[in-house]
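Novice:
There are 2 protein chains.
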Amino acid sequence: MAGTSPAMTKMATGFSFKILAQDGAARRGEIETPRGKIRTPAFMPVGTAATVKAMFPDQVRQAGADIILGNTYHLMLRPGAERIAALGGLHKFMGWPYPILTDSGGYQVMSLSSLRKIDEKSVTFRSHLDGAMFELSPERAIEIQNLLGADIVMQLDECIRLPAPENEVERAMRLSLRWAERSKRAFEGAAPGRALFGIVQGGTVPMLRNISARELVQMGFSGYAIGGLAVGEPQEVMLATIEETMLELPSDKPRYLMGVGEPDDILAAVERGIDMFDCVLPTRAGRHALAYTRFGKVNLKNARHADNPKPLDEESACPASRDYSRAYLHHLVKANEILGAMLLTWANIAYYQELMQDIREAIAAGRLKDFAAETRENWNREPR
Amino acid sequence: MAGTSPAMTKMATGFSFKILAQDGAARRGEIETPRGKIRTPAFMPVGTAATVKAMFPDQVRQAGADIILGNTYHLMLRPGAERIAALGGLHKFMGWPYPILTDSGGYQVMSLSSLRKIDEKSVTFRSHLDGAMFELSPERAIEIQNLLGADIVMQLDECIRLPAPENEVERAMRLSLRWAERSKRAFEGAAPGRALFGIVQGGTVPMLRNISARELVQMGFSGYAIGGLAVGEPQEVMLATIEETMLELPSDKPRYLMGVGEPDDILAAVERGIDMFDCVLPTRAGRHALAYTRFGKVNLKNARHADNPKPLDEESACPASRDYSRAYLHHLVKANEILGAMLLTWANIAYYQELMQDIREAIAAGRLKDFAAETRENWNREPR
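In structure tokens, the structure reads:
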């Protein structure tokens with residue numbers, strides 16, 4: 000009976016990915032989820048603590064975001080996954096009815112918590128908020144993400160600090176593979192339409208990346224992420240590692256470069272076949288007086304803006320970039336006004352989404368190379 | 000020639016006030032300015048530093064505000080009145096094309112700056128931002144407000160701290176009267192359509208209030224403010240002082256109670272014939288986890304909201320009050336998220352504007368007394 004209802008059929012269609020156009024290694028694609036489509040290449044604004052900081056959900060949507068990212072680590076500490084589940088899930092809690100990807104917490108456990116103890120079973124750590132002890136296992140990371148109601152769920156991995164000795168990189172990579180296997184098993188009962196992504200680790204060692212990718216593909220995931228990059232290595236090392244990893248990833252699954260990045264990193268990674276990105280840069284920069292524009296970065300703290308009646312970009316579709324003078328933005332920043340963070344975050348998220356839309360159109364038109372060259376030239380126009 | 004153009008005629012109509020309905024001492028009126036109508040009784044959100052804190056200008060408008068207040072003291076220090084004038088005036092600078100009233104700076108000089116020296120000529124003070132010396136005279140206060148482009152300009156007055164000896168209250172009141180005279184002279188060349196209000200002082204001494212009001216009315220202003228109240232005195236003392244002052248104020252000019260206040264203060268003052276209000280309470284409370292609602296104040300810091308799926312007010316027209324659970328607002332407040340301040344400020348400004356709209360309708364319908372009783376009863380419904 001249930002199988003014949005149209006609603007159930009719709010849900011059952013679940014998660015899928017199709018490539019609509021290719022241009023070199025770059026792909027213009029579409030991910031389908033029960034909560035809506037995700038146009039790729041996609042940039043996911045980061046909604047750490049159940050909010051894309053300093054933005055209303057409808058602004059995030061109108062800026063062009065199809066999907067946002069939520070942080071398992073932050074949400075498990077506060078307000079708690081069980082609480083969010085009891086309140087109807089993360090989508091309802093934060094007023095974002097569209098797709099959400101949640102990370103597994105591995106990265107934040109490394110970067111934020113203290114007194115970590117990692118063993119085969121799990122990672123035990125102290126909350127950076129109140130010192131309370133928490134345990135995160137691959138199974139619990141899946142459970143939390145299912146409680147939150149994430150549309151795309153990430154396996155728990157171990158993210159080590161780089162640089163690190165190669166044997167340490169390999170140890171963490173192999174542990175992450177065993178955790179991938181356990182994550183996959185734990186995910187088996189998840190609601191239909193939800194997807195689990197594996198995470199390739201292996202630092203900047205090509206052979207380790209190859210092994211990690213190959214074994215994950217053998218397990219079979221709905222998508223593959225590249226973790227552990229953009230942690231301070233030069234861009235060329237990051238891009239070489241991406242290229243190496245790509246050799247082992249199937250072309251019919253989405254590829255997600257975690258935590259990246261600057262607009263130029265995104266463009267370069269798209270040129271190498273990446274489909275998904277997330278990064279705190281546009282939101283964090285927006286709270287620190289830095290605007291991303293078509294013509295490069297603008298530091299609104301700089302006194303040279305104090306009398307400038309021009310907006311950030313008079314041709315932008317985003318009111319924050321188009322309708323407020325640099326003089327006003329400078330004033331808000333100097334006066335430490337919340338509206339400064341609101342306007343600059345909005346402008347940055349809108350710019351990132353505009354960039355992704357332009358990238359998607361360039362791929363579809365087979366002119367990504369020209370687009371990339373023009374775009375990089377434009378980024379140098381704004382005075383430093 | 001110029002006088003015959005319709006645009007000029009429109010400008011020339013300038014500032015006017017008409018009373019549309021009366022209910023006891025309360026008045027439902029309308030102020031006309033070249034930048035638009037102000038429905039009275041009116042509440043003016045405070046836009047201290049050229050921003051109603053944590054709100055976009057279009058939210059302030061959509062919440063129902065016809066006019067906002069700007070602070071001469073803050074704007075003269077940063078970014079500077081001459082700079083704002085060169086950028087096209089305060090309306091353009093902050094993206095608010097509707098009426099703006101600016102205060103004269105007198106109150107903030109008293110409450111924020113250090114090393115004040117007041118003499119007949121002016122007040123000299125150190126900026127609370129960087130210690131720079133500034134001088135503010137009645138003439139300079141008018142000049143600054145004209146540079147900002149304010150639609151309603153306030154005379155400079157001396158605001159003393161209460162309690163104070165009666166002879167000190169009288170001295171400051173008489174100085175404020177002489178400054179009113181000078182303000183009026185300085186305002187003579189102002190652009191057509193702009194209005195100057197005098198400010199009644201005299202502490203809580205009925206006779207001093209009477210003298211102050213009577214002498215201001217003799218000079219003749221477009222409107223009359225009551226300053227120096229809501230500085231810690233009991234509500235009944237404030238209301239008695241208002242009643243006393245009202246005896247001397249003409250009924251055909253708007254009456255503005257400065258810096259007031261709690262919703263109940265506003266309601267009580269409207270019942271005594273006040274037409275205009277401003278206060279930082281709804282915006283400041285919004286940044287400190289406190290929501291004003293039809294059913295009273297809600298402290299979102301309180302742990303009892305942590306699991307509450309209900310919004311602040313499911314029947315509110317404001318999305319911030321209607322569409323987000325108390326659990327979510329509590330979480331945002333606990334996590335110190337900017338969105339918490341954004342949503343609660345929005346909810347509070349919307350509630351204040353809804354209250355003013357309801358007050359206006361009640362006066363028009365001749366049922367203010369019943370409305371006030373019902374409203375006060377409702378304010379006690381929210382658990383403390």
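As you go down the protein sequences, you meet chains P and A in turn.
Residue 0 is where the first sequence starts when you use numbering that gives the first Met the number 0, and the numbers rise one by one after that.
Residue 0 is where the second sequence starts when you use numbering that gives the first Met the number 0, and the numbers rise one by one after that.
Even for Gly, the Cβ is constructed at its ideal location relative to N, Cα and C.
Can you tell me whether Pro78(A) is buried or exposed, with buried defined as 16 or more other CB within 10 angstroms of its CB?
Specialist: Label assigned to Pro78(A): buried.
Novice: Name the residues in the segment 365-382 of chain P whose C-beta lies less than 7 Å from a C-beta of chain B; which are they?
Specialist: Protein chains P and A are contained in the structure displayed, whereas chain B is not.
Novice: Measuring straight from C-alpha to C-alpha, what distance separates Ile225(A) and Asp312(P)?
Specialist: Their backbone Cα atoms lie some 45 Å apart in a straight line.
Novice: Tell me the DSSP bridge mates of Asp277(P)?
Specialist: Per DSSP, Met43(P).
Novice: Below 8 Å on C-beta distance, what does Met341(A) contact in chain P?
Specialist: Ordered by position in chain P, the residues that pass the 8 Å Cβ test against Met341(A) are Ala53, Phe55, Ile337 and Met341.
Novice: Can you check whether the C-beta of His330(P) is within less than 8 Å of a C-beta belonging to chain A?
Specialist: It does; some Cβ of chain A falls within 8 Å.
Novice: Measure how close the beta-carbons of Val168(P) and Val204(P) come, nearest whole angstrom, since I'm counting them as under 8 Å.
Specialist: Confirmed, Cβ separation roughly 6 Å.
Novice: In the segment 177-223 of chain P, which residue ranges form an unbroken alpha helix (DSSP H) of at least 4 residues, counting only runs that do not cross its ends?
Specialist: Listed in chain order, the complete alpha helix (DSSP H) runs (minimum 4 residues) inside the segment 177-223 of chain P are 205-218.
Novice: Which of helix, strand or coil does DSSP assign to Arg380(A)?
Specialist: Coil.
Novice: Does DSSP put Ser324(A) in a helix, in a strand, or in coil?
Specialist: Note: Ser324(A) maps to strand in three-state DSSP.
Novice: Quick check on the DSSP output: what are the complete beta strand (DSSP E) runs of length 3 or more inside the segment 95-159 of chain P, in order along the chain?
Specialist: Counting only runs of 3 or more, we get 99-101, 113-117, 122-125, 132-135 and 151-153.
Novice: Mind checking the segment 312-326 of chain A against chain P and listing, in chain order, the residues whose C-beta falls within less than 7 Å of any C-beta there?
Specialist: Listed by position along the chain: Asp322, Tyr323, Ser324 and Ala326.
Novice: I want to see whether chain A comes within less than 8 Å of Phe276(P), judged by CB atoms only; does it?
Specialist: So no, Phe276(P) is outside the interface.
Novice: Strictly below 7 Å CB to CB, what residues from chain A border Thr50(P)?
Specialist: Simply Leu331, Glu336 and Leu338.
Novice: Spell out whether any CB of chain A is found under 8 Å from the CB atom of Met93(P).
Specialist: So, interface residue.
Novice: Would you call the segment 65-75 of chain P and the segment 103-112 of chain P in contact, with 3 or more CB pairs under 8 Å?
Specialist: These segments touch.
Novice: So the beta strand (DSSP E) Thr292(P) belongs to, where does it begin and stop?
Specialist: Counting along the chain, the beta strand (DSSP E) containing Thr292(P) begins and ends at Leu289 to Thr292.
Novice: Restricting to Cα atoms, I'd like to know which of Met275(P), His287(P) and Tyr323(P) is closest to Gly222(P).
Specialist: Comparing Cα-Cα distances from Gly222(P) to each of Met275(P), His287(P) and Tyr323(P), the minimum goes to Met275(P).
Novice: Anything in chain A within Cβ reach of Pro308(P), meaning under 8 Å, just list it in chain order.
Specialist: Within chain A, the residues near Pro308(P) are Leu86 and Gly87.
Novice: Hey, quick one: how far does the alpha helix (DSSP H) through Lys91(P) stretch, first residue to last?
Specialist: Start and end: Leu89 to Met93.
Novice: Taking buried to mean at least 16 other C-beta atoms within 10 Å of its own C-beta, is Glu270(A) buried or exposed?
Specialist: So Glu270(A) ends up on the buried side.
Novice: Give a yes or no on contact between the segment 309-329 of chain A and the segment 31-38 of chain P, applying the rule of three or more CB pairs nearer than 8 Å.
Specialist: Taking 8 Å as the limit for Cβ pairs, the verdict is that the segment 31-38 of chain P does not touch the segment 309-329 of chain A.
Novice: Check whether the Cβ atoms of Tyr255(P) and Phe196(P) lie closer than 8 Å to each other.
Specialist: Yes, the pair counts as a contact, with Cβ atoms nearer than the cut-off.
Novice: Grab the span of the beta strand (DSSP E) containing Asn335(A) for me, first residue to last.
Specialist: First-last for Asn335(A): undefined, no H or E at that position.
Novice: According to DSSP, which residues form a beta bridge with Asn301(P)?
Specialist: Its beta-bridge partners do not exist; DSSP assigns none.
Novice: Taking Glu134(A) as the reference, which of Leu146(A), Ser121(A) and Glu142(A) has the closest Cα?
Specialist: With distances taken between Cα atoms, Glu134(A) lies closest to Ser121(A).
Novice: Using a 10 Å radius around the Cβ and a threshold of 16 neighbouring Cβ atoms, would you call Met206(A) buried or exposed?
Specialist: Per the 10 Å Cβ criterion, exposed.
Novice: Assuming the contact rule is C-beta atoms closer than 8 Å, Thr39(A) and Gly28(A) should be a hit. Round their C-beta distance to whole Å, please.
Specialist: Sure, about 4 Å apart at Cβ, within 8 Å.
Novice: Kindly say whether Ala305(P), judged by its beta-carbon, lies nearer than 8 Å to any beta-carbon of chain A.
Specialist: Answer yes: the Cβ-Cβ gap between Ala305(P) and chain A drops below 8 Å somewhere.
Novice: Could you name the residues that DSSP lists as bridge partners for Arg26(A)?
Specialist: Answer by DSSP bridge pairing, in chain order: Gln21(A).
Novice: Just to confirm my understanding: we take Glu232(P), look at its own chain, exclude 5 residues before and 5 after, and list those with CB closer than 7 Å. What are they?
Specialist: Leu161 and Thr203.
Novice: Taking the C-alpha atoms as reference points, what is the distance between Leu176(A) and Asp156(A)?
Specialist: So the alpha carbons of these two residues sit roughly 8 Å apart.
Novice: In the DSSP assignment, find the beta strand (DSSP E) that holds Arg254(A) and state where it starts and stops.
Specialist: Unbroken beta strand (DSSP E) run through Arg254(A): Arg254 to Leu256.
Novice: Going along the chain, which residues of its own chain have a beta-carbon closer than 7 Å to the beta-carbon of Lys456(P), five neighbours each way excluded?
Specialist: For residue 456(P) there is no data in the structure shown, the boundaries of chain P being 0 and 383.
Novice: Within the chosen definition, does the segment 327-339 of chain A reach the segment 359-372 of chain A through at least 3 CB pairs nearer than 8 Å?
Specialist: Judged by Cβ distances under 8 Å, the segment 327-339 of chain A makes no contact with the segment 359-372 of chain A, as fewer than three pairs qualify.
Novice: Leu238(P) lies in the alpha helix (DSSP H); which residues open and close that run?
Specialist: Leu238(P) -> alpha helix (DSSP H) spans Gln234 to Met245.
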